[in-house]
Amino acid sequence: MTRSSGPTDRRTALVTAAVGAAGMSVLAIVFAAILDNVVDGEGIAAIDTPLTGWVAAHRYHGLTAVMTALTRLGDPLMLVAVMTVVVVVAAGPTRTVAPLGIGALAVAGFLLAVVAVKFVVGRPRPALPHPSVDIDGSSFPSGHSTGVCVVGIISAWLLTRWCVRSLAGQVAVWTMVLAVVAGVGFSRVYLGVHYLSDVLAGWVLGALWAGVVIAAGRLWEARPPTRSHRTDSARTP
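Using this note's numbering, read the sequence shown as starting at 1256 and increasing by one per residue.
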């Protein structure tokens, strides 16, 4: 990773971080609103049970098999594996271990956030007979939706920033990520293991944490060079 050291680059990074902070504030407000709905049983939470029942009544075998396979993309071990591959690939062009730190922060942060929120909220999962797979733990937010959103966004950001140069390639990467995020989220509702509000909250929480990680990465890039780095640069003919 080539570190920006000029004042213009640092100002650009700070402006970008400020805009990102505003966006993350909006996401935090949206997450709080969904949580408030869930606690009060109003708003989006009011349609959770009817929607879950309707989806369960309209399952069919072929699609259930597809959704069962698709939902595995959001398993923690799968997400760790994907993130590991992406950061190793991204570390090549950057020639630093920065992508490894970004990937570790992304995964560790979302896991801790999901565990903490699930513990505090303690929302039961959809009541039987809706679930088509056996699962335990709290329902809010959807850990699969949160994780696939975080890993997807960070992976796409790393790849399109340092590995995929063409516009068509970058569009393809982001399109694939959005499709997987949407597919995994839908699979959680379809299989009856989460309510719609769980999935929406997971997406918002995931996007929020991904934004934090990206902002941290950009600020790290824009930090002033160390004394040794300035000395080495001055010696370079």
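Each residue gets a CB set at the ideal place from its N, CA and C atoms; glycine is no exception.
Could you give the distance in angstroms between the alpha-carbon of H1449 and the alpha-carbon of I1469? Position 194 of the sequence shown, counted from the start, is the residue given in the question as residue 1449. Position 214 of the sequence shown, counted from the start, is the residue given in the question as residue 1469. Going from the Cα of H1449 to the Cα of I1469 covers about 28 Å.
Short of 7 Å in beta carbon distance, which residues of its chain neighbour L1463, apart from the five on each side in sequence? Order them along the chain. Taking the first residue of the sequence shown as position 1, residue 1463 is located at position 208. So the list reads M1279, L1282, A1283 and F1286, once near-sequence residues are dropped.
With distance defined between alpha-carbon atoms, name the residue in V1454, L1460, S1410 and S1421 nearest to M1431. One-based indexing of the sequence shown puts residue 1431 at position 176. With distances taken between Cα atoms, M1431 lies closest to S1410.
Per-residue burial, H1484 [other beta carbons within 10 Å of its own, 16 or more giving buried]: The sequence position of residue 1484 within the sequence shown is 229, counting from 1. Residue confidence for H1484 is low, a pLDDT of 47 falling below 50, so the modelled location carries little weight and cannot support an answer.
If you drop the 5 nearest sequence neighbours on each side, which residues of the same chain put their C-beta closer than 6 Å to that of G1398? On the sequence shown, residue 1398 is found 143 positions in, with the first residue counted as 1. Result list for G1398: V1369, in chain order.
Mind checking A1382: buried by the 16 CB within 10 Å criterion, or exposed? Taking the first residue of the sequence shown as 1, we reach residue 1382 at position 127. Counting Cβ neighbours within 10 Å, A1382 comes out exposed, since fewer than 16 surround it.
Enumerate, from N- to C-terminal direction, the unbroken alpha helix (DSSP H) stretches of 4 or more residues contained entirely within the region 1281-1368. 1303-1312, 1316-1326 and 1331-1349
Taking the alpha helix (DSSP H) that F1441 falls in, what are its first and last residues? For the purposes of this step, residue 1441 is identified with residue 186 of the sequence shown, where counting begins at 1. Start and end: L1422 to Y1445.
Please return the same chain residues whose Cβ sits closer than 8 Å to the Cβ of M1322, not counting the five positions on each side in sequence. Residue 1322 sits at position 67 when you count from the first residue of the sequence shown. Correct list, in chain order: F1441, S1442, Y1445 and L1446.
Can we count V1372 as close to the ligand SAM, meaning its CB is less than 7 Å from some heavy atom? The ligand content of the structure shown is nil, which means the ligand SAM is not present either.
Please identify the residue among L1451, C1418 and H1316 whose C-alpha is closest to the C-alpha of L1306. Your numbering for residue 1306 matches position 51 in the sequence shown. Ranking L1451, C1418 and H1316 by Cα distance to L1306 puts L1451 first.
Using a Cβ-Cβ cutoff of less than 7 Å, which residues in the same chain neighbour A1336 once the five nearest sequence positions on both sides are dropped? On the sequence shown, residue 1336 is found 81 positions in, with the first residue counted as 1. Result list for A1336: empty, nothing under 7 Å.
For the alpha helix (DSSP H) containing H1399, list its first residue and its last residue. One-based indexing of the sequence shown puts residue 1399 at position 144. Unbroken alpha helix (DSSP H) run through H1399: G1398 to W1417.
Are the beta-carbon atoms belonging to G1329 and V1403 less than 8 Å from one another? Stepping through the sequence shown from its first residue, residue 1329 is reached at position 74. Stepping through the sequence shown from its first residue, residue 1403 is reached at position 148. Their beta carbons are under 8 Å apart, which means G1329 touches V1403 by this criterion.
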